[in-house]
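In the working numbering, the protein residues as written are 3 to 376.
Take a look at the structure:
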């Protein structure tokens, strides 16, 4: 598959794909919003095949669900071996040596000082939800600090600490969330310039903590990189001072690395690593210098945000157009507002990576030529 991709030979939603989509419309919840007119048949590495035999290079890793690509031989082998021996057994019913060995390995790499404890859950939402319950249980405090742009999950508790307009009015009565400006330097929420701001967003955080009172704050929850908001990476000066403030105030931290660990940032956990000049990032920064449409390129390891310049509405139109044009050429990318998010499989073949980048660069140049028509 990888040698042929990308290859678009037929209409993506023609033939049997149209039938599947019609059945989906009748049976699936309307809240499922598909990004692409695509019915996936199989995935192999960084290549996705649809029902009509079209092959796409996937720069999203299945929206983060396939960090090592599809049908990875080692992963498949491990799944088969485990399924033949013991597919599953409740940890509430009995002890498990397999689960214990996994936790022992995780404890060696987790950026946690002191005692390490683990709980197994089914999703990132449940993991953050469990952390919230644990904090409330042990402190009896109900005020949580979160960031504007945060995405922590879809349970009642995690949706309330996220920053998503569609969840307004769904906050649970047992907790209160206060959202703090994130250090989003390209579009500063405080309207300041990075070279002159003096980390005003950090000062804002300190003021909020002082006004509420440390004794009333349950926890601060954060993502080291806001991937779902557009791969927003805080400047190193912010992260250093933030850590100092939180330690001095002795506020518990819930670290949400669902989108960044393991390995996505170039280290096991993004909290460990702030070297921002990976080759993949430099290549796209060159594209920014060439095209006036690109306002900012940022990232960490193998997660990149490419944000369009101009106003928010124009940027979103350009981002939508780029996703559509890349898809037509066999490259799957995703967007959040005016930002294109690139998170290919961690082990993507270099040839496929190059092909995908060529498509992306070509389509950005085409958008630059036809900007007025968008």
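Idealized CB from N, CA, C, for every residue including glycine.
Using three-state DSSP, classify residue 256 as helix, strand or coil. strand
To the nearest angstrom, report how far apart residue 198 and residue 205 are at their CA atoms. 14 Å
Could you tell me whether any non-hydrogen atom of the ligand ADP is closer than 7 Å to the CB of residue 95? Only the bare structure without any ligand can be found here, which leaves the ligand ADP out of the picture.
Is the number of C-beta pairs between the stretch 21-30 and the stretch 78-96 that are closer than 8 Å three or more? no
List the endpoints of the continuous alpha helix (DSSP H) containing residue 351. Counting along the chain, no alpha helix (DSSP H) covers residue 351, and no H or E run does either.
4 or more residues per run - each alpha helix (DSSP H) lying fully within the stretch 286-354: 314-330
Please state the DSSP three-state secondary structure of residue 243. helix
Spatial neighbours of residue 332 within its chain, please: C-beta separation below 8 Å, excluding the five flanking residues on both sides. 7, 8, 9, 10, 56, 57, 58, 59, 361
Apply the 10 Å Cβ neighbour rule to residue 12 and answer buried if 16 or more other Cβ atoms are within range, or exposed otherwise. exposed
Cut-off 7 Å between Cβ atoms - residues of its own chain near residue 40, not counting five sequence neighbours on either side: Closer than 7 Å at Cβ, skipping near neighbours: 14, 52.
Tell me the DSSP secondary structure of residue 182 in three-state form. strand
Using a 10 Å radius around the Cβ and a threshold of 16 neighbouring Cβ atoms, would you call residue 358 buried or exposed? buried
When you compare the CB of residue 270 with every CB in chain C, is at least one pair closer than 8 Å? No chain C appears in the structure shown, which is made up of a single protein chain.
For residue 261, count the other beta carbons within 10 Å of its own beta carbon; 16 or more makes it buried, fewer makes it exposed. Which is it? buried
What three-state label does DSSP hand residue 367 in the structure shown? helix
Three-state secondary structure assigned by DSSP to residue 5: Of the three classes helix, strand and coil, the one that applies to residue 5 here is coil, per DSSP.
Tell me which residue opens and which closes the alpha helix (DSSP H) that residue 77 is part of. 75-87
Could you pull the start and end residues of the beta strand (DSSP E) that residue 43 belongs to? Element bounds for residue 43: 42-46.
What does residue 148 pair with, by DSSP beta-bridge criteria? 181
Among residues of its own chain, excluding the 5 on either side of residue 350, which ones have a beta-carbon nearer than 6 Å to its beta-carbon? 48
Need the endpoints of the alpha helix (DSSP H) that residue 212 sits in, please. 202-214
Helix, strand or coil, according to DSSP, for residue 66 in the structure here? coil
Evaluate contact between the stretch 322-332 and the stretch 261-270, counting only Cβ atoms and requiring at least three cross-stretch pairs below 8 Å. no
Report yes if the C-beta distance between residue 234 and residue 307 is below 8 Å; otherwise report no. yes
Euclidean distance between Cα positions of residue 400 and residue 299: Here the chain covers residues 3 to 376 and nothing more, so residue 400 does not appear.
Check whether the stretch 100-112 and the stretch 138-147 are in contact - that is, three or more C-beta pairs closer than 8 Å. The way I'd put it, the stretch 100-112 doesn't touch the stretch 138-147; fewer than three beta-carbon pairs between them come closer than 8 Å.
Between 371, 316, 304, which has its C-alpha nearest residue 344's C-alpha? Checking every option, the nearest Cα to that of residue 344 belongs to 304.
Residue 358 - DSSP class collapsed to helix/strand/coil: helix
From residue 218 to residue 250, what distance separates their C-alpha atoms? Per the coordinates, the alpha-carbon of residue 218 lies some 16 Å from the alpha-carbon of residue 250.
Residue 175 burial status per 10 Å Cβ neighbour count (16 or more: buried): exposed
For the alpha helix (DSSP H) containing residue 133, name the first residue and the last one. Where residue 133 is concerned, the enclosing alpha helix (DSSP H) stretches over 126-141.
Can you tell me which of the three DSSP states residue 234 falls into? strand
Helix or strand or just coil, what does DSSP make of residue 194? Coil.
Identify every residue that forms a DSSP beta bridge with residue 222. Paired residue(s): 147, 255.
With a threshold of 7 Å on Cβ separation, who are the neighbours of residue 62 within its own chain once the five nearest residues in sequence on each side are excluded? 334, 335, 336, 345
Roughly how many whole angstroms lie between the Cα atoms of residue 244 and residue 224? If you take the alpha carbons of residue 244 and residue 224, they lie about 11 Å apart.
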